[in-house]
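Undergrad:
Residue numbers (my numbering): 4 to 442.
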């Protein structure tokens, strides 16, 4: 398995830093077949004019973000457009100071396709749509591109797409901006195109500014940004894509909001999204949110504190250990098995060796010994996560590479080799964002 150095470097450096790499995930994916299959079943429904909503629930470092990024890669290969954002104190689903709009801006900024996987794909999508319409019109009509009839035929096709949006909330305004973009594209007016893209990104602060630059009397706001996500999903389907997937991680940042009213407004927005997707009010749209068990299940501050959501999402009476319902709206991540972790350490050993150009000396027995020591620590069975195991293992690979004279078994069993131990419960020396939660 030969991996380009750029991808190998991104994988090793990201994992060593405790974050999920944006590229190269297929090289290190192990386990999670059930979860991936369940989510890909949703993707088929979305492509067939449906919609879906899922929560991915797992403790810090358990692989939530990894699973979200894996699904992101899968669906882009299936001609989906993906937008993703991590919530933060400045980015929520609803807010009075632009926090909801900030989330929308982040989602659109990270708009990605197979040909533009790193985000910033909005302009590419709009240009490709118009170009494809022109190509189809030329093929169907046989007209010369300079013929005035050709231009009228292209406009008819453009307005067919735009007309399909009129019946949706804010659809008329959305369609008007698409028309402005098409006219600017046709006339080679890059300045006007940039202004329309600025509007789609939610970067106009006042209606006065938008009216002065574009002649439209509406802007995207905190209250209605989600309606534009639904419009984008429909437009993208009409523009030749399979649908749109929205990935929102770090729901814990809503759980941390100190004001209960603000939390409730955010949970109400989640309920709106959930109801829309379940009741068929949204099409070609999938939404996946990631959070910790506590931020979902805590009935005092979490998602389940909002009764309308708790009654829809809480597990039924038949779910039990070893018999999970993968068709339920909430998917709980189980820990990776020892066998899966062993396979993962083997993959990381090969990638590390390729990156630094050496022959790996770590044997399977060494890797088994490493995992035995990792999980032999007190509390490891319930507190250690894949993130900590992976970080420790890459540190081990770094040390062995730089000190080839060392024997792995001696190093692992040495008192001088310190692991990034899982944080004991109740320890207040942790980083502030972890201090008030069980991890």
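Yeah, the Cβ is synthetic: ideal placement off N, Cα and C, and Gly gets one too.
(1) Helix, strand or coil: how does DSSP classify residue 123 here?
(2) Kindly indicate which residue of 44, 13, 33 and 96 has the alpha-carbon position closest to the one of residue 224.
(3) May I have the straight-line CA-CA distance separating residue 424 from residue 166, to the nearest angstrom?
(4) Helix, strand or coil: how does DSSP classify residue 369 here?
(5) Pair every Cβ in the segment 71 to 81 with every Cβ in the segment 94 to 111, then say whether three or more of these pairs are closer than 8 Å.
(6) Return the CA-CA distance between residue 313 and residue 307, expressed in angstroms with no decimal places.
(7) Please classify residue 1: does DSSP put it in a helix, a strand, or coil?
(8) Could you say if the segment 352 to 371 and the segment 86 to 96 meet the contact criterion of at least three C-beta pairs nearer than 8 Å?
(9) Quick check: residue 111 and residue 86, are their CB atoms within less than 8 Å of each other?
(10) DSSP on residue 146, reduced to helix/strand/coil?
(11) Using DSSP bridges, identify the partner residues of residue 197.
(12) Run the CB neighbour count on residue 261, radius 10 Å, all protein chains shown included, and call it buried at 16 or more, exposed below.
(13) Using only CA atoms, which one of 238, 140, 267 and 408 lies nearest to residue 168?
(14) By DSSP, does residue 395 sit in helix, in strand, or in coil?
(15) Can you tell which of 349, 10, 30 and 40 has its C-alpha closest to the C-alpha of residue 399?
(16) Please identify the residue among 216, 372, 355 and 208 whose C-alpha is closest to the C-alpha of residue 15.
(17) Work out the CA separation of residue 229 and residue 203 for me, nearest whole Å.
(18) Helix, strand or coil for residue 317? Go by DSSP, reduced to three states.
(19) What ranges does the beta strand (DSSP E) occupy inside the segment 4 to 74, keeping only unbroken runs of at least 3 residues that lie completely in it?
(20) Taking the alpha carbon of residue 177 as the point to measure from, which residue in 199, 157, 158 and 191 has its own alpha carbon closest?
(21) For residue 304 and residue 258, what's the separation of their Cα atoms in angstroms?
(22) May I ask you to report which of helix, strand or coil DSSP gives residue 248?
(23) Under the DSSP definition of a beta bridge, which residues are partnered with residue 221?
(24) Just to confirm my understanding: we take residue 17, look at its own chain, exclude 5 residues before and 5 after, and list those with CB closer than 6 Å. What are they?
(25) Report yes or no: do three or more beta-carbon pairs, one from the segment 334 to 349 and one from the segment 62 to 74, lie closer than 8 Å?
(26) Quick check: what's the CA-CA separation for residue 114 versus residue 378?
(27) For my contact list, residue 60 and residue 218 are in at a C-beta cut-off of 8 Å; report their separation, rounded to the angstrom.
(28) Measuring alpha carbon to alpha carbon, tell me which residue in 235, 33, 221 and 275 is nearest residue 343.
(29) Given that a residue counts as buried once 16 or more other Cβ atoms are within 10 Å of its Cβ, and exposed if not, what is residue 58?
TA: Reading off the structure:
(1) Note: residue 123 maps to coil in three-state DSSP.
(2) In terms of CA proximity to residue 224, 96 leads the group 44, 13, 33 and 96.
(3) Per-residue confidence for residue 424 stands at a pLDDT of 45, beneath the threshold of 50, marking its modelled position as unreliable; the derived number appears in the next sentence. Their Cα atoms are separated by approximately 58 Å.
(4) Correct three-state label for residue 369: helix.
(5) Contact between the segment 71 to 81 and the segment 94 to 111 is not established, with fewer than three Cβ pairs separated by less than 8 Å.
(6) Taking the straight line from one Cα to the other gives about 4 Å.
(7) One cannot answer for residue 1 here, as it falls past the ends of the chain, which runs 4 to 442.
(8) No, the segment 352 to 371 does not touch the segment 86 to 96.
(9) At the C-beta level, residue 111 and residue 86 come within 8 Å of one another.
(10) Coil.
(11) By DSSP's assignment, residue 197 forms no beta bridge with any residue.
(12) The Cβ neighbour count for residue 261, taken over all protein chains shown within 10 Å, is under 16; the residue is labelled exposed.
(13) The alpha carbon of residue 168 has as its nearest neighbour, out of 238, 140, 267 and 408, the alpha carbon of 238.
(14) Three-state result, residue 395: helix.
(15) Nearest C-alpha to residue 399: 349.
(16) When only C-alpha atoms are compared, the closest one is 355.
(17) Rounded to the nearest angstrom, the two C-alpha atoms are 13 Å apart.
(18) In the three-state DSSP reduction, residue 317 falls in the coil class, being neither helix nor strand.
(19) Uninterrupted beta strand (DSSP E) stretches at least 3 residues long and entirely within the segment 4 to 74 occur at 54 to 60, given in chain order.
(20) When C-alpha distances from residue 177 are compared across 199, 157, 158 and 191, the shortest belongs to 199.
(21) When rounded, the separation of the alpha-carbon atoms in residue 304 and residue 258 is 6 Å.
(22) In this structure, residue 248 counts as strand in the three-state DSSP scheme.
(23) Beta bridge pairing from DSSP links residue 221 with no other residue.
(24) Only 24 meet the Cβ criterion.
(25) Note that the segment 334 to 349 touches the segment 62 to 74; at least 3 beta-carbon pairs, one per stretch, sit closer than 8 Å.
(26) Cα atoms of residue 114 and residue 378: separation of roughly 39 Å, rounded to the nearest angstrom.
(27) Not really, about 46 Å apart at Cβ, beyond 8 Å.
(28) Selected option, being the one with the closest Cα: 33.
(29) It counts as buried.
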